[in-house]
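K.L.:
Take this structure, written in structure tokens, and hold onto it; I'll ask about it next.
Numbering (the numbering used here), first residue to last: 303 to 792.
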């Protein structure tokens, strides 16, 4: 019979180190964290959502991704410095409660948990679209149900298994995108002509209405779903809590973000629009699959379709992992029922996994409520983008407070955020701009208008939870030690 505990896992040896305060284990190695970082930045938004983005913005989507990537890099550098300033931080929820107060830890952690539930639903919706590409007659609920069950089983495994799974998922994504780029370059070099008479050429980026064919409006609208493509980059912040040597591995993972964006976003989409002009790309299909199919690589298109299906499953798997760890942290602080803090003898918070997975089945009725898979995907992804702005914003605001409150930590940090005086404020201004773009679009406006109701609910729940903790004589939040962490001596 599986046992539960709230202390360190027993009988662990080798490279897996048990944490002294929670029963979770540092079972992720450097290669796991590096590939989780890459896999987190290559998600469903790129593979499926980029078709709609291209139809809205045209080649300007390249600049959209460049701008978003620029600010995301600063967010991650802020997160990296914060996490390494105190290795007792497990999540950004810990950081928020330490820097901003118990209420902030409650809000940030529950919001992040909910945003990943929504993101996982979006991924399941995308998987349904991919499955119906192979057979349109497949009932929408079948792949959704199978995916939800498989994700539950995967997340009941030890963290080392999760790391290994995501490692290979990420390898598949990387090989697929690099292969697409190479094929695209070959098609341009040989001046391949499609059946409809279009010649593959880099000039297709500007000869179909220019780089900004939809004008400033199209450029601005590109940020709506573009931000969703980057959701998951912060996963390294959650995974760092279960990584063997975060002081060495975390900086490497964060600093590689720039290269990943240039290759996997800018490179891939530039090649796609050079082979197939942007105004010929269907908004309701994956442009990765369509490009290879147009080029006559039918088998390759099938392979890519399998890859993007795997990518969506990987994204959902990572999101579920991150959400369950956030729920585990909430329970440790008394901000969620204590039973969610229980782990089995392998360090898996099983009850947190089961509770979170229940919500994945919401994808099934959602598929039948809208006008189609893409409509459902647009709604849930825009809602997720709205919530992730709050999470990222909490990281930046926490950094501003950290820098003022602990100048000595900042001065001694070996991984300082560049332009640390100015960059956080620029990032916050960018978030205001993103919120404006979500309000501007007809199909994304409902999500941001609904967000205040979610935060009102959180405020009510916090007051109820706070009163109960006070009544029971418990602290409002778990203490974050400021003493040296055992890994600092390694």
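We put the beta carbon where it would ideally sit given N, CA and C, even for glycine.
(1) Look up residue 495 in the DSSP assignment and say whether it is helix, strand or coil.
(2) Mind checking who residue 501 pairs with in its DSSP beta bridge?
(3) Starting from residue 435, follow the alpha helix (DSSP H) in both directions and report where the run begins and ends.
(4) Does the structure place the stretch 681-699 close enough to the stretch 750-760 that three or more beta carbon pairs sit under 8 angstroms?
(5) Three-state secondary structure (DSSP) at residue 646?
(6) Going by beta carbon distance, what residues of the same chain come within less than 7 angstroms of residue 556, once the five residues before and after it are set aside?
(7) Entirely within the stretch 344-386 and at least 4 residues each: give me those alpha helix (DSSP H) ranges in chain order.
(8) Might you give, ordered along the chain, the residues of its own chain that have their beta carbon closer than 8 angstroms to the beta carbon of residue 611, omitting 5 neighbours on each side?
(9) Give the C-beta separation of residue 607 and residue 435 to the nearest angstrom, bearing in mind that I take them to be a contact with Cβ-Cβ under 8 angstroms.
(10) Taking residue 768 as part of the alpha helix (DSSP H), name the residues at either end of that continuous run.
(11) In angstroms with no decimal places, state the Cα-to-Cα distance between residue 549 and residue 367.
(12) Buried or exposed: which applies to residue 615, given that a residue is buried once 16 or more other Cβ atoms fall within 10 Å of its Cβ?
(13) Rounded to a whole number of angstroms, what is the C-alpha to C-alpha distance between residue 501 and residue 494?
(14) Which two residues bound the contiguous alpha helix (DSSP H) that contains residue 519?
(15) Does the distance from the C-beta atom of residue 374 to that of residue 535 stay below 7 angstroms?
(16) Beta carbon of residue 524, beta carbon of residue 683: below 7 angstroms?
(17) Note down the Cα distance separating residue 764 from residue 452, rounded to an integer number of angstroms.
(18) I think residue 364 touches residue 583, with their Cβ atoms under 8 angstroms apart; what is that distance to the nearest whole Å?
(19) Tell me which same chain residues have a C-beta within less than 6 angstroms of the C-beta of residue 409, skipping the five on either side of it?
(20) Anyone know if the C-beta pair for residue 653 and residue 642 falls short of 7 angstroms?
(21) Can you round the beta-carbon distance between residue 413 and residue 692 to whole angstroms, since I take them to be within the 8 angstroms contact cut?
(22) Short of 6 angstroms in beta carbon distance, which residues of its chain neighbour residue 695, apart from the five on each side in sequence? Order them along the chain.
(23) So the candidates are 736, 442 and 717; which of them puts its Cα closest to the Cα of residue 384?
(24) Please check the pair residue 406 and residue 533, which I expect to be a contact at CB under 8 angstroms, by giving their CB distance rounded to whole angstroms.
(25) Need the endpoints of the alpha helix (DSSP H) that residue 401 sits in, please.
(26) Using 10 angstroms around the beta-carbon of residue 519, count the other beta-carbons present and answer buried if the total reaches 16, otherwise exposed.
(27) Kindly indicate which residue of 449, 566 and 639 has the alpha-carbon position closest to the one of residue 662.
(28) Please state the DSSP three-state secondary structure of residue 580.
(29) DSSP state of residue 685, grouped into three classes?
(30) Could you give the first and the last residue of the continuous alpha helix (DSSP H) run that contains residue 559?
(31) Shortest alpha-carbon distance to residue 646 belongs to which of 639, 638 and 655?
(32) Under 6 angstroms Cβ to Cβ from residue 659, same chain only, skipping five residues before and after it: list those, please.
(33) What do you reckon, are the CB atoms on residue 778 and residue 526 nearer than 7 angstroms?
(34) Can you check whether the C-beta of residue 484 is within less than 7 angstroms of a C-beta belonging to chain D?
P.N.:
The structure says:
(1) strand
(2) 495
(3) 404-436
(4) yes
(5) strand
(6) 378, 379, 382 and 538
(7) 352-359
(8) 429, 432 and 433
(9) 6 angstroms
(10) 747-773
(11) 29 angstroms
(12) buried
(13) 6 angstroms
(14) 517-528
(15) yes
(16) no
(17) 33 angstroms
(18) No, residue 364 and residue 583 are not in contact; Cβ-Cβ is about 14 angstroms, not under 8 angstroms.
(19) 760
(20) yes
(21) 5 angstroms
(22) 733
(23) 717
(24) 20 angstroms between Cβ atoms; not a contact.
(25) 394-401
(26) exposed
(27) 449
(28) helix
(29) helix
(30) 559-562
(31) 655
(32) 454
(33) no
(34) In the structure shown, chain D does not exist; there is a single protein chain.
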